[in-house]
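In my numbering, the protein residues as written are 2 to 63. We treat Cβ as the ideally placed atom computed from N, Cα and C, and that holds for glycine. Beneath this line is the structure, given in structure tokens, with notes to follow.
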Amino acid sequence: ILREARQYDADKLLVIASQDVVDRMHEEESASVAELEAFIRKPIRFQAETHYTQEQFDVVLM
């Protein structure tokens, strides 16, 4: 996420990942996500994709 945010000019980021990963980002890792958002100065949204495994994710620049 950090690499994508630095490399491209986007207003916000969308991370598409498995439901388990999205749940973890919203619960256990929410403080880390908030710190990352503050550091890159861009909001990060998460969207679950049912066909993704835990290892799969995409970062969409918006």
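In this structure Phe-47 touches His-27 by the C-beta definition: roughly 7 Å separates them, less than 8 Å.
Closest in alpha carbon position to Arg-7, among Gln-20, Ala-32, Val-23 and Phe-40, is Phe-40.
Counting along the chain, Ile-41 sits inside the alpha helix (DSSP H) bounded by residues 31 to 41. Sequence-distant Cβ neighbours of Leu-62 in its own chain, meaning closer than 7 Å and more than five residues away, are Glu-5, Tyr-9, Ala-11 and Leu-14. Cβ neighbours of Leu-37 within its own chain (closer than 8 Å, five residues either side excluded): Ile-2, Leu-3 and Ile-45.
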